[in-house]
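**Student:**
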Amino acid sequence: MESVISTLNHEQFAAAYRLGFARTVRFIQSGGVQHELAEEIAQAAWSRGWECRAQLKNPSAVCIWVNSIAKNLLRVDFRRRRSIEELTDECATINASTDSTALAEMLAYCNDEDRLLLVRHYLASALSKNGPGMLSRIDPSARPGRG
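Note that the sequence shown ends on residue 369 in the numbering used here; no numbers are left out.
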């Protein structure tokens, strides 16, 4: 038994890449992954394989080894995306009553001039986003200086 593990040189790895990259993409797609993401993961797996080629015990199994790297990268990507989606679902909820309460508290600390300036700023912003029809939905008694 040989104690020295032979590693792939640049040319051998490049040849394996040319042969195996498309196979790795198809392997990833077989799990239902879109083509673009499959290509990204395959590229990352082959890059990681190149960086860690000294760990490869059997150079003739480089494609299988890289596919296992790709599978692990896919798992990591799936977990990352799932955690982002979970955060987005929970954190994206905006409670209008909480916003209006916070706004009322903030405006209560302002003097009349600052309050009027803030209201005009946010009213102008709302008008630019929602159009002139926004004015018909504003309660005249809620406008500053009227009451």
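For each residue, glycine too, the CB sits at the ideal point set by N, CA and C.
Look at Phe235 and Trp287 and say whether their C-beta atoms are less than 7 Å apart.
**Tutor:** no
**Student:** Quick one: Cα of Val247 to Cα of Asn294, how far?
**Tutor:** 14 Å
**Student:** If I follow the unbroken alpha helix (DSSP H) through Val247, where does it start and stop?
**Tutor:** 232-251
**Student:** According to DSSP, simplified to helix, strand and coil, what is Gln277?
**Tutor:** helix
**Student:** Among Trp268, Ile291, Gln277, which has the Cα closest to the Cα of Ala238?
**Tutor:** With distances taken between Cα atoms, Ala238 lies closest to Trp268.
**Student:** By Cβ distance, which residues of its chain are closer than 6 Å to Ser322, with the 5 residues on each side in sequence left out?
**Tutor:** none
**Student:** Taking the alpha-carbon of Ile263 as reference, which of Pro281, Ser252, Leu296 has the nearest alpha-carbon?
**Tutor:** Leu296
**Student:** Less than 7 Å between the C-beta atoms of Cys274 and Gly242, yes or no?
**Tutor:** no
**Student:** Using alpha carbons as the reference points, say which of Ala292, Ala346, Asp336, Leu278 lies closest to Leu259.
**Tutor:** Ala292
**Student:** Cβ atoms of Leu349 and Arg337: under 7 Å apart, would you say?
**Tutor:** No. Outside cutoff.
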